[in-house]
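For the sequence shown, the UniProt record's numbering gives the first residue as 1, with consecutive numbering after it. A virtual CB, placed ideally from N, CA and C, is assigned to each residue, including glycine.
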Amino acid sequence: MGVDFPHVKYVIHFGPGRTLTDHLQQAGRAGRDSQNAYNIIMYMGKHLRQCDDTVKSVVKKQECIRKLLLCHFTDDDPTVAPMHNCCNRCHNLCKCGGDKCGNDPFPFDKLPPRAEEDEKRRVVTEDDKNCIYDALMEIKQTYVSDFLIALFNPLWKIRTKYLV
């Protein structure tokens, strides 16, 4: 038994539910007033590790989300017309305005344009590389006397002469 909050339009998940039942239970909090509601799933790959295979399938496939979710619970066809009212995947396929849907995509489904200057890059000159090399060699010389550390070893292992 859950709490019934009226007029819920958005349910935002940071990671999908572990099972389809869990996910639909949470998503079912919205749209109880017969208005359009939105179930938004934001996730990173690590969120899917703890989910059932059925949840992973819904998230990864490019088919209608509504069909993928509900096919496990009902034999009825859950298709919504017009397509732009179904899910973001169906909205992208909608051609109710001719070649393309006349309705804007969901506001939360638009990616901001990415500018080239947003990327952080560092220019490393030969002088910079030589400076770093000299600094590392100095560190190597400092520790060789006490611990016999092998820096720049192709296997990147630290060998110690003395164990404390």
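Asked	Found
Outcome for V58 when other beta-carbon atoms lying within 10 angstroms are tallied against a minimum of 16	buried
CB of C51 within 9 Å of CB of P16, strictly	yes
Contact check, H13 vs I40, beta carbons under 9 Å	yes
Cα-Cα separation, D75 to K67	10 Å
Min CB distance H23 to chain D below 9 Å	Of the protein chains in the structure, only one exists, and it is not chain D.
Limits of the unbroken alpha helix (DSSP H) element including H23	L20 to A27
Through-space distance from D33 to L70, alpha-carbon basis	20 Å
In DSSP terms, what V80 is bridged to	Answer is none; V80 lacks a bridge partner.
Through-space distance from T79 to residue 172, alpha-carbon basis	There is no way to answer for residue 172, as the model of the chain reaches only from 1 to 164.
A30 vs Y10 beta-carbon contact at 9 Å	yes
Delimiting residues of the alpha helix (DSSP H) encompassing H91	N88 to L93
Where P154 falls, given that 16 or more other Cβ within 10 Å makes a residue buried	In this predicted model, P154 has a pLDDT of only 48, less than 50, meaning its place in the structure is not dependable; the value taken from the coordinates is given anyway. So P154 ends up on the exposed side.
Residues near N103 by beta carbon distance below 7 Å, same chain, minus five either side	H84
Burial state of C86, where buried means 16 or more other Cβ atoms lie within 10 Å	buried
Same chain, Cβ closer than 8 Å to C89, neighbours up to 5 away in sequence not counted	One point to set straight first is that residue 89 is Arg, not Cys, in the sequence displayed. Excluding residues within five positions, the ones whose Cβ falls inside 8 Å are Q62, E63, C64 and I65.
Euclidean distance between Cα positions of L48 and K60	10 Å
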